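Just below is one structure, and these are the notes that go with it.
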Amino acid sequence: MVKAQEYFNNKYKKNVTYLKVEEPISDKLTGKLTGLTLNSPDLEVINLAENKIKSLTSVNLGANPLSYLHKINITSLKNNLSLNLLGQLVELKEENEELRGRKEQSQNEKLKAQITRLEEENTNLRKAQAEAMKQIRIGLEKLEVNIEVAPK
């Protein structure tokens, strides 16, 4: 019988991209494996087929670049046949960054459009103001002419 963590350390010495536990191994190991630490930066898929490790409650991704998601609790996922965790997390992180970038770009474009619209409104208001001043001058000139010509 082998200690649970040693079993994985020996079996997966090299960087793996796909960890698959197919055979029932709980009977072959000493100690209760409640957590599994995987330090492979290349690991993309964790497949715990039919949950062959009955006591496993968490997977620690070790030195994974996803710093805030380095430990995945699988207690609620024990009945899941395949956990494609790391790949999905990386995709979600990239998608989140892309969406944030799009949102910022969209907000910038909206602000630029709003500025352009306000500048156009300002220009139109200045033109209207100039036209109104012109009409006022013409009206005042006509008023002065009418005052001078009117009989007393």
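This note's numbering puts the first residue of the sequence shown at 102, with every later residue one more than the last. Quick reminder that beta carbons are idealized off the backbone N, C-alpha and C, glycines included. Keep in mind the model is a prediction, meaning the values are calculated, not measured.
- Roughly how many whole angstroms lie between the Cα atoms of I216 and Q189? In the sequence shown, residue 216 corresponds to position 115, counting from 1. In the sequence shown, residue 189 corresponds to position 88, counting from 1. Rounded to the nearest angstrom, the two C-alpha atoms are 40 Å apart.
- Rounded separation between K204 and A231 - CA only: Here residue 204 refers to the residue found at position 103 of the sequence shown. Here residue 231 refers to the residue found at position 130 of the sequence shown. One C-alpha to the other measures close to 40 Å.
- Message: Quick check: the Cα distance between R201 and V191, rounded to an integer number of angstroms?
- Response: For the purposes of this step, residue 201 is taken as the residue at position 100 of the sequence shown. For the purposes of this step, residue 191 is taken as the residue at position 90 of the sequence shown. Answer to the nearest angstrom: the Cα atoms are 15 Å apart.
- Message: I need the DSSP call for L170, collapsed to helix, strand or coil.
- Response: Here residue 170 refers to the residue found at position 69 of the sequence shown. Model confidence at L170 stands at a pLDDT of 47, short of 50, so the residue's coordinates are unreliable; what they give is reported in the following sentence. For L170, the secondary structure class from DSSP, reduced to helix, strand or coil, is helix.
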